[in-house]
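What follows is one structure encoded as structure tokens, with my remarks underneath.
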Amino acid sequence: MKSLILLSGLGVLTLLSEIFNFKRKIFPVVLLGLLGTIVLSAMYWNTNKHYFNDMMFFDNYAVAFTCLISFIAFAWFLLSQNYFNEETNLTDHFALILFALVGAVIMVSYQNMSMLFLGIETLSLSLYVLAGSRKNDLHSNEAALKYFLMGAFATGFLLFGIALIYGVTGSFNLQTIANYITLNSGNIPALFYTGVLLMMVGMAFKISAAPFHFWAPDVYQGSPLVITAFMATIVKTAAFAAFFRLFFTCFSTIESVWGNIIFVMAILTLAVGNITATYQESVKRMLAYSSIAHAGYMLLAILAMNKFSAGSILFYTAAYSVASITAFTVLSIIINKSNNEAIDAFNGLGKRNPFLAFAMTVAMLSLAGIPPMAGFFGKYYLFNAALQSGQTTIVLVAVLASLVGVYYYFKAIIAMYFKSGSDSSPVEVSFIHKLLLVLTLVLIFAMGLMSDFVIRLL
Amino acid sequence: MSTIQAIPLNWYILLSAVLFVIGVLGVLYRRNAIIIFMSVELMLNAVNLLLTAFSSYRGDSAGQVFVFFIMAVAAAEVAVGLAILIVIYRNTNSTDINFLNKLKW
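Chains as they are written, first to last, in my numbering: chain A, 14 to 471; chain B, 57 to 161.
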């Protein structure tokens with residue numbers, strides 16, 4: 014809870030810094046604030062506090078995800094440091110990002126449907142603006158409008174679902190609704206199930222699971238690169254944590270109703286994400302499809318719905334986000350240098366800057382799930398959780414899908430080491446980016462070693 | 057038969073469902089961004105109507121408080137949405153979403 018107040022205060026402070034003219038000093042303040050958020054929320058470990066008449070519930074799940082989100086945000090600020098220096102409205106960007114983070118923290122700690130709605134909207138409204146923050150670039154405009162329309166559309170479904178569930182149970186509280194299900198099992202009106210399915214559609218839009226993924230590639234490609242990185246990591250993590258929290262606390266007892274639908278959705282997402290990614294020319298768009306594919310893997314944890322699910326989702330989102338941040342950092346350096354986001358821009362990077370090429374290789378291998386990177390352990394625990402619940406078919410599909418994944422991740426690696434580009438001048442990397450890359454590389458390897466510890470946390 | 061002021065509860069549910077579906081079809085079929093906005097608003101207001109009906113039927117005020125949340129958020133959403141639309145209008149002189157096809161494959 015204190016972490017939430019700190020984040021909101023930080024957001025207001027950045028807005029004030031515009032008025033009182035200490036813009037230049039705000040960047041280190043925000044970084045310190047984010048570290049403070051991690052510490053403050055970690056202090057709530059094992060306290061299980063309820064707030065505001067049970068609106069929010071900071072259990073270990075919420076604490077772990079708050080720490081993860083704040084940490085990724087910290088890394089993300091390091092990644093986007095150059096971007097903010099170019100922009101004139103630096104404080105607006107900072108404030109919007111911080112308020113989006115507030116939304117993300119609410120999304121992982123809600124105990125009431127109204128908080129879920131407000132969290133999603135706080136996050137989304139900031140991002141609609143950020144996606145369109147390149148005002149004169151038509152791609153950015155298009156991305157913002159598509160994101161906005163699809164986001165509002167999805168919110169409509171989510172709300173209609175919430176309204177129907179409220180009509181049947183008379184409450185917005187997750188625990189009360191869960192109790193209602195156990196008390197009235199076998200005697201629940203169809204209206205309730207309709208509500209559950211509508212909420213599922215709304216959430217599937219947010220996590221960009223097929224067949225509700227079509228907005229994601231366009232939005233990811235059109236938005237400014239750093240905003241894409243934010244959407245692919247923090248938004249994905251928060252949306253998935255919210256999805257899982259909702260289904261785990263509320264609807265886990267009626268899996269027979271939604272299990273098959275999630276099953277089909279997971280297979281579609283894995284197929285569409287991985288297969289479409291193979292023929293992308295733009296690396297940015299390839300990463301967008303890869304993020305859709307990863308949503309497919311994460312759906313496995315929801316299908317599994319057992320005691321291993323929460324831990325494996327935490328580890329998977331952490332591994333995925335760290336690897337994605339690395340990939341986006343390298344991509345942003347390349348785009349800065351050559352103003353080209355196609356895969357050709359990576360040609361010969363192995364010679365032009367061996368360190369960058371190595372970082373990109375590690376990130377790609379981790380995303381593809383090659384041992385000993387973190388991504389492999391993420392997939393391993395996720396598949397393991399699904400197998401424990403007897404979901405053999407979906408695990409087979411997921412393994413096949415990740416084999417397809419290896420193909421397109423290797424395309425970038427091959428371009429870097431085995432192709433030579435027209436431009437062979439060395440690529441400069443700023444100190445902060447070097448620091449960030451070293452940090453994430455260490456994490457990608459270290460997380461593999463401490464995977465067991467992370468899984469046992471939840 | 058459960059009623060609110062002599063009108064059966066089912067009628068409220070039916071009306072909001074119909075309004076919601078009109079909104080959904082509007083989003084899917086219309087090509088003018090402003091009309092799509094209006095359709096989204098229609099969806100949200102269908103939800104508001106449904107929540108109010110349930111809240112009144114159950115004599116529980118939580119549903120009506122939720123309606124206030126939705127109204128406030130919808131207002132913020134329109135502000136952001138219209139701002140995005142104005143930016144697009146300045147660049148393309150149109151609000152037709154068929155012009156927005158720069159991002160493909």
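Don't be surprised by glycine CBs; every beta carbon is placed ideally from N, CA and C.
- In the DSSP annotation of this structure, the continuous segment of the alpha helix (DSSP H) that includes residue 364 of chain A starts and ends at 362-365.
- For the 8 Å CB-CB criterion, residue 306 of chain A and residue 388 of chain A do not form a contact.
- A/170 is the residue among A/398, A/170 and A/291 whose C-alpha sits nearest the C-alpha of residue 208 of chain A.
- Separation of the CB atoms of residue 461 of chain A and residue 390 of chain A is rounded to 5 Å, and the pair is thereby assigned contact status at 8 Å.
- Distances from the CA of residue 120 of chain B to each of A/292, A/183 and A/15 were compared; the closest alpha carbon is that of A/183.
- Excluding five sequence positions before and after residue 27 of chain A, the CB atoms of its chain that fall closer than 6 Å to its own CB belong to 39, 104, 107 and 108, given in chain order.
- Relative to residue 439 of chain A, the option among A/35, A/346 and A/203 whose CA is nearest is A/346.
- Nearest C-alpha to residue 126 of chain A among A/96, A/67, A/164 and A/71: A/67.
- Counting of Cβ neighbours within 10 angstroms places residue 287 of chain A among the buried residues, the total reaching 16 or more.
- Annotation for residue 389 of chain A: no beta strand (DSSP E) segment contains it, though the alpha helix (DSSP H) segment containing it runs 387-401.
- Taken atom to atom, the span from the alpha-carbon of residue 268 of chain A to that of residue 365 of chain A is near 53 Å.
- Partner residues in the beta bridge of residue 63 of chain B, as assigned by DSSP, are B/60.
- Taking a Cβ-Cβ cut-off of 7 Å, the neighbours of residue 143 of chain B in chain A comprise 145, 148 and 154, given in sequence order.
- Identification of residues in the region 161-182 of chain A having a C-beta nearer than 7 Å to some C-beta of chain B yields 161, 162, 165, 166, 169, 172, 173, 176, 179 and 180, given in sequence order.
- The alpha-carbon separation between residue 104 of chain B and residue 263 of chain A amounts to approximately 23 Å.
- Straight-line spacing of the CA atoms in residue 338 of chain A and residue 197 of chain A works out to 46 Å.
- Approximately 7 Å separates the beta-carbon atoms of residue 205 of chain A and residue 177 of chain A; this is inside 8 Å, confirming the contact.
- Within chain A, the residues 183 have their CB atoms less than 7 Å from the CB of residue 116 of chain B, given in chain order.
- Contact between residue 279 of chain A and residue 313 of chain A is confirmed by a C-beta separation of about 6 Å, below the 8 Å threshold.
- The Cβ atoms of residue 241 of chain A and residue 233 of chain A sit closer than 8 Å to each other.
- For residue 344 of chain A, same chain residues with a beta-carbon under 6 Å away, outside a window of 5 residues either side, are 296 in chain order.
- By the 16-neighbour rule on beta-carbons within 10 angstroms, residue 101 of chain B is buried.
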